[in-house]
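Enquirer:
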Amino acid sequence: MSDTFSIAVRIADELERQRLVALFDIMAPQLQHHWVVTAPADAAVVIIEGDFPGSQDFLAACKQLAGAVPVLLGHTNPLQAEWFLQRPVRVQTTVALLNHLGQYLQTRQSTPAPVDAPADSGAGTPYGRLRRMFDHLQAQPAYYRFDTAAGWPLYYDSVRDRVLLRQEQARSSQPSQTVQQIVECFAQRQLSAIAVERFKSVSNDPHFALFTRDALIWIWCLNDNSTDQPMSQDGYQLTRWPTLTSLPHTATHLKLCQYMSSHLATQQTIAADTQLPAATVRNFCNACEALGLVTIKAVVQEHNPAQRQRQLGG
1 MSDTFSIAVR
11 IADELERQRL
21 VALFDIMAPQ
31 LQHHWVVTAP
41 ADAAVVIIEG
51 DFPGSQDFLA
61 ACKQLAGAVP
71 VLLGHTNPLQ
81 AEWFLQRPVR
91 VQTTVALLNH
101 LGQYLQTRQS
111 TPAPVDAPAD
121 SGAGTPYGRL
131 RRMFDHLQAQ
141 PAYYRFDTAA
151 GWPLYYDSVR
161 DRVLLRQEQA
171 RSSQPSQTVQ
181 QIVECFAQRQ
191 LSAIAVERFK
201 SVSNDPHFAL
211 FTRDALIWIW
221 CLNDNSTDQP
231 MSQDGYQLTR
241 WPTLTSLPHT
251 ATHLKLCQYM
261 SSHLATQQTI
271 AADTQLPAAT
281 VRNFCNACEA
291 LGLVTIKAVV
301 QEHNPAQRQR
311 QLGG
């Protein structure tokens, strides 16, 4: 426990507050950091009820904290608060939350090492390079701002692997250009570490959208309408399915998953065998490659469609 952090509890029921404070002592052997209970004005973390007396709501209370990290306490999280502690309070849930908060707070006390581009940043599709870029940044926990040549910013929280992007860029009609601009920013070291307070202030801006890194790359790949990207001549085979519980998908994507799980085939062959548009197949393959879901190998081109149809059971 090399770091000590302060925490406060602002809830109406004094007995419940005392029980929660006592719980911190019980949990101490399981915590990665030392936590000291203090007044809200001096705390790095403040646990708040949504209807705490004197505050209109949880969000209003957050604005009074002067940089402290707010944690919503309640039975549910209707506000989608970034940090949430569910009632009834459980030991293991609270331990996990405080350990995560400790890692989060450590980034405010350290200066990140200089960021160097990964050695293979020039290989693969722009989406694959974007994935490797984020993987590289995760090894240097901090909060980053990218200023692209197009004049719009992107924010990345490498601690929790989340991306903040302006709404109009998230809905870009040219996602391949958007991705390329971010990759170029990284290659030219046009990024800077920012304070956690800056990231949190942007996350409250309604003009910005919050994504997981995987969801952002997935959406961009699937909606790429560029016409200058050729079909790859390499063979693609799915090694594991996308996390469809958290990634948007259609019946078409399920069909492609089923086919690519059992076939190593070029994009052209996949399109022919599934009778899907070439651009749909290309974008899906790019999305799976960017998320590390496929094996890509050179294949011998099929010159006998009838023979392949027999092999497929047609």
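Residue numbers (this note's numbering): 1 to 314. All C-beta atoms, glycine included, are put in the ideal place defined by N, C-alpha and C. Bear in mind the structure is a predicted one, so any value in this text is a computation, not a measurement.
#1: Taking the DSSP output, what are the residues bridged to Thr4?
#2: Could you say if the segment 273-281 and the segment 249-260 meet the contact criterion of at least three C-beta pairs nearer than 8 Å?
#3: Near Trp218, what residues of its chain come up, given a Cβ to Cβ distance below 8 Å and the 5 sequence neighbours on each side ignored?
#4: Here's a check: name, in chain order, each residue in its chain whose Cβ is nearer than 6 Å to the Cβ of Val163, leaving out the five neighbours to either side.
#5: Looking at the strands, I want to know which residues DSSP matches up with Arg171.
#6: For the segment 228-244 against the segment 195-205, are there 3 or more C-beta pairs whose distance is under 8 Å?
#7: With 16 as the cutoff for other CB atoms within 10 Å, does Pro53 come out buried or exposed?
#8: With a floor of 3 residues, list each beta strand (DSSP E) that falls wholly inside the segment 135-205, ordered by position along the chain.
#9: Do Leu85 and Thr94 have their C-beta atoms within less than 8 Å of each other?
#10: List the endpoints of the continuous alpha helix (DSSP H) containing Thr212.
#11: Would you please state the rounded distance, in angstroms, between the beta carbons of Val9 and Leu20? I believe it to be under 8 Å.
#12: What did DSSP end up calling Ile11 once you bin it into helix, strand or coil?
#13: Do Leu73 and Arg90 have their beta-carbon atoms positioned less than 8 Å apart in this structure?
#14: So Gln169 and Thr178 are supposed to be a Cβ contact under 8 Å. How far apart are they, rounded?
Expert: Walking through what the data contain:
#1: Position 4 of the sequence shown, counted from the start, is the residue given in the question as residue 4. In the DSSP output, where bridge partners are listed per residue, Thr4 has His34.
#2: yes
#3: Sequence index remark: in the sequence shown, residue 218 carries index 218 (1-based). Excluding residues within five positions, the ones whose Cβ falls inside 8 Å are Pro242, Leu247, Pro248, Ala287, Ala290 and Leu291.
#4: Start at 1 with the first residue of the sequence shown, and residue 163 comes out as number 163. Taken in chain order, the residues that qualify are Tyr156, Phe211, Arg213 and Leu216.
#5: The residue labelled residue 171 in the question sits at position 171 within the sequence shown. For Arg171, which the question treats as bridged, DSSP gives no partner whatsoever.
#6: Flag = no, the segment 228-244 and the segment 195-205 do not touch.
#7: For the purposes of this step, residue 53 is identified with residue 53 of the sequence shown, where counting begins at 1. Residue placement at Pro53 cannot be trusted, given a pLDDT of 48 that sits under 50; what the coordinates show is reported in the next sentence. The residue in question, Pro53, is exposed, as its Cβ has fewer than 16 Cβ neighbours within 10 Å.
#8: 143-147, 153-157, 162-166 and 191-194
#9: Counting from 1 along the sequence shown, the entry for residue 85 is found at position 85. Counting from 1 along the sequence shown, the entry for residue 94 is found at position 94. Result yes, Cβ atoms of Leu85 and Thr94 sit closer than 8 Å.
#10: Indexing the sequence shown from 1 puts residue 212 at position 212. Careful: Thr212 lies outside any alpha helix (DSSP H), inside the beta strand (DSSP E) at Phe208 to Thr212.
#11: For the purposes of this step, residue 9 is taken as the residue at position 9 of the sequence shown. For the purposes of this step, residue 20 is taken as the residue at position 20 of the sequence shown. Going by Cβ atoms, the distance from Val9 to Leu20 rounds to 5 Å, so yes, they are a contact pair.
#12: Taking the sequence shown and counting its residues from 1, the one referred to as residue 11 is at position 11. Note: Ile11 maps to coil in three-state DSSP.
#13: As a working mapping, residue 90 is identified with position 90 in the sequence shown. As a working mapping, residue 73 is identified with position 73 in the sequence shown. No; because the gap between Cβ atoms is not below 8 Å, this pair is not in contact.
#14: Residue numbering aside, residue 169 sits at position 169 when the sequence shown is read from its first letter. Residue numbering aside, residue 178 sits at position 178 when the sequence shown is read from its first letter. The pair is a contact, with the Cβ atoms about 6 Å apart (cut-off 8 Å).
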